[in-house]
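Colleague:
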Amino acid sequence: MHVLGASVLLGMSSVSTAEIVMNPSSGSNLQATLSWSSEEANQLLNGDVMTTATTSVTEQVVEPSPQGSTKITTTVRSSSTLAPASTVSRTSPILDTASYSNQPTVNARAALVMDANTGEVLYSKNTNTALPIASITKVMTAVVTADARLNMSEQITLQQIDFAGAAGKNSSSTLRVGDKMNRAEALLFALMKSENPAAAALARTYPGGRSAFVAAMNNKARELGMHSTRFTESTGLDPRNVSSARDLGILVSTASQYGLIRQFSTTPSYDFNLGYRVLKSNNTNSLVRNGGWNINLSKTGFINEAGRCLVMHTTLNSRPAVVIILGASNTQARNNDATRLMSWTSQLPKRI
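Per mature numbering (1 follows the signal peptide of the UniProt record, and there is no 0), the sequence shown runs over residues -18 to -1, 1 to 334.
1) Would the region 220 to 231 and the region 106 to 114 be scored as touching if the rule is three or more Cβ pairs under 8 Å?
2) If R165 sits next to I138, beta carbons under 8 Å apart, how far is it from one beta carbon to the other, in whole angstroms?
3) For G29, which of helix, strand or coil comes out of DSSP?
4) Tell me the residue span of the alpha helix (DSSP H) that contains A168.
5) Please go through the same chain and pick out, in chain order, the residues whose beta-carbon is closer than 8 Å to the beta-carbon of T127, but skip the five residues on each side of it.
6) If we count the other Cβ atoms within 10 Å of its Cβ and call it buried at 16 or more, is I243 buried or exposed?
7) If you draw a straight line from the C-alpha of A182 to the C-alpha of S154, how long is it?
8) Taking just the CA atoms, how far does M163 sit from L206?
9) Can you have a look at N278 and say buried or exposed, based on whether 16 or more other CB atoms are within 10 angstroms of its CB?
10) If you check the beta carbons only, do S117 and T248 fall under 8 Å apart?
11) With DSSP as the reference, label residue 405 as helix, strand or coil.
12) With H, G and I counted as helix, E and B as strand and the rest as coil, what does DSSP make of P189?
13) What residue ranges within the region 78 to 133 form continuous alpha helix (DSSP H) runs of no fewer than 4 residues, ordered along the chain?
14) Can the beta-carbon of T327 be found closer than 8 Å to that of V95?
15) For M174 and Y252, I'd like the C-alpha separation in whole angstroms.
16) Residue range of the beta strand (DSSP E) that R290 falls in?
17) What is the rounded straight-line gap between the Cα of M324 and the Cα of N84?
18) Alpha carbon to alpha carbon, how far is R222 from G309? Give it in angstroms, no decimals.
19) Taking the CB atoms as reference points, tell me whether V121 and L233 lie closer together than 8 Å.
20) Under a Cβ-count criterion, where at least 16 other Cβ atoms within 10 Å of its own Cβ denotes burial, should G241 be classed as buried or exposed?
21) Kindly indicate which three-state DSSP category N201 falls into: helix, strand or coil?
22) I need the boundaries of the alpha helix (DSSP H) containing G241, first residue and last residue.
23) Cβ of T156 within 8 Å of Cβ of L261?
24) Please determine, among T123, S238, G160, the residue with the shortest C-alpha to C-alpha distance to R259.
25) Expressed to the nearest angstrom, what Euclidean distance is found between the alpha-carbon atoms of R316 and S135?
26) What are the boundary residues of the beta strand (DSSP E) that R301 is part of?
27) With DSSP collapsed to three states, give me the class of V260.
28) Between which two residues does the beta strand (DSSP E) harbouring Q137 extend?
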């Protein structure tokens, strides 16, 4: 069985989430990285290293404040997931961002900046509009895969159906039918490089197959209170995968509690050794590759119907924040919007 490279370190975070730490070699590439034995992978996802959480976010509601800003509040009920979702404080004071005259200009169709600890909405534009989300879909694909506690060292062989895409869209530029990888590599391919066949294979090899996987995606969205969200497949190639910036703020806050998703989505580069060829791969988010921001989770997306999309969980001036951008006209415009929003948020006072 083929596995990822050289070493794995499993440790506990403050929220009992198993972390995977990849050891960088010279330069920015992470050449010597993970080794997955069946025992280690099963420990990671099936309890020896991880404490099963018993809480999950079930409802998050946007509430207006008297000052004109908003807040996302949550209700929590019992569930079994890989890690606990953040519980938003109901008593935190609301930051009146509307009083600031220097709010950044955002050219994307929709945008959101939210304080990840309190649920305070610091910036909003068309946050409740349901839009195609392209490969932002893969964040939910990763959450559903992680929640299933499947064997991450299990070998997956890519099949022709994994390349079918949607509406004739190109599915991959590098992977081929017959390529073999373990489930951890497929997840890394999907999150870091946004490889559609890898995401499709994760759904195909889920217990019950693709239909069960898509049902689990939609069930998770309902459980989290993502009322504007619908999924039809696991890659994002289908424009019927829709969500709002508000809903994606909830999803990113939840996904940020999974150490596996944080690590894989923010890996700057990785050399995938498939045994018969090596695929040198870079993260699709140049803001991650360049290393100028403290980004904890990242995912880009693009199809024509969605435009350029980006979601991030980042730390700005010691404030954990979620940044959502949907429908930018091109990659540079998307990055410019993100940079303006993060720079502006970094200068905000935390309370008034």
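For every residue, glycine included, the Cβ atom is placed at its ideal position computed from N, Cα and C.
Modeller: In this structure, then:
1) The region 220 to 231 makes contact with the region 106 to 114, as at least three CB pairs between them are under 8 Å.
2) Translated into the one-based positions of the sequence shown, residue 165 becomes position 183. Translated into the one-based positions of the sequence shown, residue 138 becomes position 156. About 6 Å; that satisfies the 8 Å criterion.
3) Start at 1 with the first residue of the sequence shown, and residue 29 comes out as number 47. At G29 the pLDDT is 34, less than 50, meaning the model places this residue with poor confidence; the figure from the coordinates comes in the next sentence. Coil.
4) The residue you call residue 168 lines up with position 186 of the sequence shown. Counting along the chain, the alpha helix (DSSP H) containing A168 begins and ends at 165 to 174.
5) If you number the sequence shown from 1, residue 127 lands on position 145. So the qualifying residues of the chain are R165, L169, L184, Y188.
6) Working through the sequence shown from its first residue, we reach residue 243 at position 261. Buried, since its Cβ has 16 or more Cβ neighbours within 10 Å.
7) Here residue 182 corresponds to residue number 200 of the sequence shown, with the count starting at 1. Here residue 154 corresponds to residue number 172 of the sequence shown, with the count starting at 1. Counting only the Cα atoms, S154 lies some 11 Å from A182.
8) Stepping through the sequence shown from its first residue, residue 206 is reached at position 224. Stepping through the sequence shown from its first residue, residue 163 is reached at position 181. C-alpha separation (whole angstroms): 31 Å.
9) In the sequence shown, the residue the question calls residue 278 occupies position 296. The residue is buried, with at least 16 neighbouring Cβ atoms inside 10 Å.
10) Counting from 1 along the sequence shown, the entry for residue 117 is found at position 135. Counting from 1 along the sequence shown, the entry for residue 248 is found at position 266. No; because the gap between Cβ atoms is not below 8 Å, this pair is not in contact.
11) Nothing about residue 405 can be read from this structure; the chain reaches only from -18 to 334.
12) The residue you call residue 189 lines up with position 207 of the sequence shown. In the three-state scheme derived from DSSP, where H, G and I count as helix and E and B as strand, P189 is classed as coil.
13) Taking only runs of at least 4 residues, the alpha helix (DSSP H) segments lying wholly in the region 78 to 133 are 119 to 129.
14) For this step, residue 327 is matched to residue 345 along the sequence shown. For this step, residue 95 is matched to residue 113 along the sequence shown. It is a contact, given that the beta carbons lie within the stated cut-off.
15) Counting from 1 along the sequence shown, the entry for residue 174 is found at position 192. Counting from 1 along the sequence shown, the entry for residue 252 is found at position 270. Their backbone Cα atoms lie some 9 Å apart in a straight line.
16) Translated into the one-based positions of the sequence shown, residue 290 becomes position 308. Bounds of the beta strand (DSSP E) holding R290 are 289 to 298.
17) Sequence index remark: in the sequence shown, residue 324 carries index 342 (1-based). Sequence index remark: in the sequence shown, residue 84 carries index 102 (1-based). Spanning the two alpha carbons is a distance of roughly 13 Å.
18) Position 327 of the sequence shown holds residue 309. Position 240 of the sequence shown holds residue 222. Rounded to whole angstroms, the separation of the alpha carbons of R222 and G309 is 15 Å.
19) The sequence position of residue 121 within the sequence shown is 139, counting from 1. The sequence position of residue 233 within the sequence shown is 251, counting from 1. In contact: V121 and L233 (Cβ atoms closer than 8 Å).
20) Start at 1 with the first residue of the sequence shown, and residue 241 comes out as number 259. Burial check for G241: the Cβ neighbour count within 10 Å reaches 16 or more, so the residue is buried.
21) Looking up residue 201 in the sequence shown gives position 219. Helix at N201.
22) Along the sequence shown, one-based indexing puts residue 241 at 259. Its alpha helix (DSSP H) spans residues 241 to 247.
23) Stepping through the sequence shown from its first residue, residue 156 is reached at position 174. Stepping through the sequence shown from its first residue, residue 261 is reached at position 279. Closer than 8 Å, so yes.
24) Looking up residue 259 in the sequence shown gives position 277. Checking every option, the nearest Cα to that of R259 belongs to G160.
25) In the sequence shown, the residue the question calls residue 316 occupies position 334. In the sequence shown, the residue the question calls residue 135 occupies position 153. Here the C-alpha atom of R316 lies approximately 35 Å from the C-alpha atom of S135.
26) Residue numbering aside, residue 301 sits at position 319 when the sequence shown is read from its first letter. DSSP places R301 in the uninterrupted beta strand (DSSP E) bounded by 301 to 310.
27) Position 278 of the sequence shown holds residue 260. Correct three-state label for V260: strand.
28) For the purposes of this step, residue 137 is taken as the residue at position 155 of the sequence shown. 137 to 139 is the extent of the beta strand (DSSP E) around Q137.
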